[in-house]
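Only one structure is covered here, and it is reproduced in the block below.
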Amino acid sequence: MDAPDEIIHQSLRLKIMSALRNEPDQAALEFKRLRAITGATDGNLGRQITTLAEAGYVDVTKDFHQNRPRTRAQISTKGVAAFDAHVAYLKSLLG
Amino acid sequence: MDQKEALRALDDIQGAKEKSSALRGYAAGGIYMIVWGCVWIVGGASGLLSPEIGRSGWNVAVLAGIVASVAIGFRSPGAGGKDVMGKVMLTMGTMAAVSVAISVVLNIGSLREATALQTILVAGAYMAFGIWRGARIFVLGLALGAVALVAWFFLADKFEMVVGIAGGVILILSGILLRRA
Numbered sequence: 060m061d062a063p064d065e066i067i068h069q070s071l072r073l074k075i076m077s078a079l080r081n082e083p084d085q086a087a088l089e090f091k092r093l094r095a096i097t098g099a100t101d102g103n104l105g106r107q108i109t110t111l112a113e114a115g116y117v118d119v120t121k122d123f124h125q126n127r128p129r130t131r132a133q134i135s136t137k138g139v140a141a142f143d144a145h146v147a148y149l150k151s152l153l154g
Numbered sequence: 017m018d019q020k021e022a023l024r025a026l027d028d029i030q031g032a033k034e035k036s037s038a039l040r041g042y043a044a045g046g047i048y049m050i051v052w053g054c055v056w057i058v059g060g061a062s063g064l065l066s067p068e069i070g071r072s073g074w075n076v077a078v079l080a081g082i083v084a085s086v087a088i089g090f091r092s093p094g095a096g097g098k099d100v101m102g103k104v105m106l107t108m109g110t111m112a113a114v115s116v117a118i119s120v121v122l123n124i125g126s127l128r129e130a131t132a133l134q135t136i137l138v139a140g141a142y143m144a145f146g147i148w149r150g151a152r153i154f155v156l157g158l159a160l161g162a163v164a165l166v167a168w169f170f171l172a173d174k175f176e177m178v179v180g181i182a183g184g185v186i187l188i189l190s191g192i193l194l195r196r197a
């Protein structure tokens, strides 16, 4: 890879992808957990997750849990490959 | 993109990973704190009836806590993995065995001394665990140890009750908070 992944490169999206990639078995993370990890506002976090979902890097699931709406995001196979390649590119820049 | 930007991005990745791991640890650890909070309350409250019942009450409650913790650990895949939870339970079992061994060697006879020893050992275990899995767990262990020491020095005649109920409530509330993390 000789260029950064422009979708993942943005700071908040990078943190989201990092958190999702770090989940054991690439399990889904709840929106509120992602908010706690990234420190982002609801609106900004929602926008960036949508961007990642549109790129096919994450899968978003909306359902009800204990009578409350719940949104979860899960990194896709394509997202894992893209994130790993982006990290490899970053490391290559450092020699 | 230059080296400085790459370094900053890798720092962001590492930061998000660490935060994510810590929050996962909090959520997984919460249920154990609730279980051990119940153990504390049952053990402490049983001492109000009589010293003999109190001694048996603590033993039964601790045994039930260990069994419940092991059962939860092996029924929660993905919350750190069975291997990790098995090791956590083994650590708790070791702590209990150490507590019994110290009690025998030092000839600890009173319920008050035995309760203090167990409380401080468990507080220390939480603090040690917290160093690896998240600052909040460390703070909880510190709070539990502080309750035990304050009760030991300033509330000697109500020591078991204070440690049992206050410690139990701290653990249960903390467990609920951690599960919501």
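Chains as they are written, first to last, in our numbering: chain A, 60 to 154; chain B, 17 to 197. For every residue, glycine included, the Cβ atom is placed at its ideal position computed from N, Cα and C.
### Task
Give the interface partners of A141 (chain A) over in chain B, defined as CB-CB distance under 9 Å, in chain order.
Locating residue 141 (chain A) in the first sequence gives position 82, where the first residue counts as 1. The premise fails here: A141 (chain A) is roughly 13 Å from chain B at the closest Cβ pair, so nothing lies under 9 Å.
### Query
Relative to the C-alpha of G180 (chain B), which residue among B:V163, B:M111, B:I88, B:I69 is closest?
Taking the first residue of the second sequence as position 1, residue 180 (chain B) is located at position 164. Cα-wise, what sits closest to G180 (chain B) is B:V163.
### Task
Verify the CB distance criterion: does M111 (chain B) have a CB-CB separation below 8 Å to chain A?
Translated into positions along the second sequence, residue 111 (chain B) becomes position 95. No, its Cβ sits nowhere closer than 8 Å to a Cβ of chain A.
### Query
Going by C-alpha distance, which of B:S85, B:G125, B:G60, B:A144 is nearest M49 (chain B)?
One-based indexing of the second sequence puts residue 49 (chain B) at position 33. When only C-alpha atoms are compared, the closest one is B:S85.
### Message
If the criterion is Cβ atoms closer than 8 Å, does the pair G81 (chain B) and G184 (chain B) meet it?
### Response
By 1-based counting over the second sequence, the position of residue 81 (chain B) is 65. By 1-based counting over the second sequence, the position of residue 184 (chain B) is 168. Result no, Cβ atoms of G81 (chain B) and G184 (chain B) do not sit closer than 8 Å.
### Task
Scan the stretch 132–186 of chain B and note each continuous beta strand (DSSP E) run of 3 residues or more that stays entirely inside, going in chain order.
none
### Query
Mind pulling the chain A residues with CB within less than 8 Å of M49 (chain B)?
What you label residue 49 (chain B) is simply residue 33 of the second sequence in a count that begins at 1. Those do not exist, as M49 (chain B) stays about 19 Å from chain A at its closest Cβ, beyond 8 Å.
### Query
What whole-angstrom Cβ distance do D203 (chain B) and L73 (chain A) have, given they're in contact under 8 Å?
Residue 203 (chain B) lies beyond the residue range present for chain B, which begins at 17 and ends at 197; the question has no answer from this structure.
### Message
What does DSSP give as the partner residue(s) for K121 (chain A) in the beta ladder?
### Response
As a working mapping, residue 121 (chain A) is identified with position 62 in the first sequence. A:T130, per the DSSP bridge assignment.
### Query
Do I66 (chain A) and T136 (chain A) have their C-beta atoms within less than 8 Å of each other?
For the purposes of this step, residue 66 (chain A) is taken as residue 7 along the first sequence, with counting starting at 1. For the purposes of this step, residue 136 (chain A) is taken as residue 77 along the first sequence, with counting starting at 1. Not in contact: I66 (chain A) and T136 (chain A) (Cβ atoms no closer than 8 Å).
### Query
Going by the beta-carbon positions, is the gap between I96 (chain A) and A132 (chain A) smaller than 8 Å?
Start at 1 with the first residue of the first sequence, and residue 96 (chain A) comes out as number 37. Start at 1 with the first residue of the first sequence, and residue 132 (chain A) comes out as number 73. Contact flag unset, no.
#### Entry: Spatial distance of A38 (chain B) from T100 (chain A) (CA atoms)
As a working note, residue 38 (chain B) is residue 22 in the second sequence. As a working note, residue 100 (chain A) is residue 41 in the first sequence. Rounded to the nearest angstrom, the two C-alpha atoms are 20 Å apart.
### Task
Pair every Cβ in the stretch 132–139 of chain B with every Cβ in the stretch 109–123 of chain B, then say whether three or more of these pairs are closer than 8 Å.
yes
### Message
Please tell me whether V117 (chain A) has its Cβ less than 8 Å away from any Cβ of chain B.
### Response
Taking the first sequence and counting its residues from 1, one reaches residue 117 (chain A) at position 58. Not one chain B Cβ lies under 8 Å of V117 (chain A).
### Message
Tell me the DSSP secondary structure of E82 (chain A) in three-state form.
### Response
The residue labelled residue 82 (chain A) in the question sits at position 23 within the first sequence. Three-state result, E82 (chain A): coil.
### Message
So if DSSP puts L88 (chain A) in a beta bridge, which residue, or which two residues, is it bridged to?
### Response
What you label residue 88 (chain A) is simply residue 29 of the first sequence in a count that begins at 1. DSSP, once it has assigned bridges, lists A:A132 as partnering L88 (chain A).
### Task
Under 9 Å between beta-carbons, which chain A residues line up against S37 (chain B)? List them in chain order, please.
In the second sequence, the residue the question calls residue 37 (chain B) occupies position 21. Result: N81.
### Message
With H, G and I counted as helix, E and B as strand and the rest as coil, what does DSSP make of I67 (chain A)?
### Response
Against the first sequence, residue 67 (chain A) aligns to sequence position 8. Three-state result, I67 (chain A): helix.
### Message
Give me the residue from B:S126, B:W168, B:L187, B:A132 with the minimum Cα distance to I69 (chain B).
### Response
Taking the second sequence and counting its residues from 1, one reaches residue 69 (chain B) at position 53. I69 (chain B) has its Cα closest to that of B:S126, out of B:S126, B:W168, B:L187, B:A132.
### Query
Can you name, in chain order, every residue of its own chain whose Cβ lies under 6 Å from the Cβ of H124 (chain A), other than the five neighbours on each side?
Here residue 124 (chain A) is taken as the residue at index 65 of the first sequence, counted from 1. Taken in chain order, the list of residues that qualify is empty.
### Nearest to S62 (chain B) (by Cα), restricted to the options B:F175, B:F145, B:I192, B:G146
The count along the second sequence starts at 1 and reaches residue 62 (chain B) at position 46. Checking every option, the nearest Cα to that of S62 (chain B) belongs to B:F175.
### Query
Going along the chain, which residues of the stretch 154–175 of chain B sit with their C-beta nearer than 7 Å to a C-beta in chain A?
none
### Limits of the unbroken alpha helix (DSSP H) element including R40 (chain B)
Locating residue 40 (chain B) in the second sequence gives position 24, where the first residue counts as 1. Run containing R40 (chain B): 19–62, per the alpha helix (DSSP H) assignment.
### Task
Kindly indicate if chain B contains any beta-carbon less than 8 Å away from that of R92 (chain A).
Along the first sequence, one-based indexing puts residue 92 (chain A) at 33. With 8 Å as the cut-off, R92 (chain A) counts as an interface residue toward chain B.
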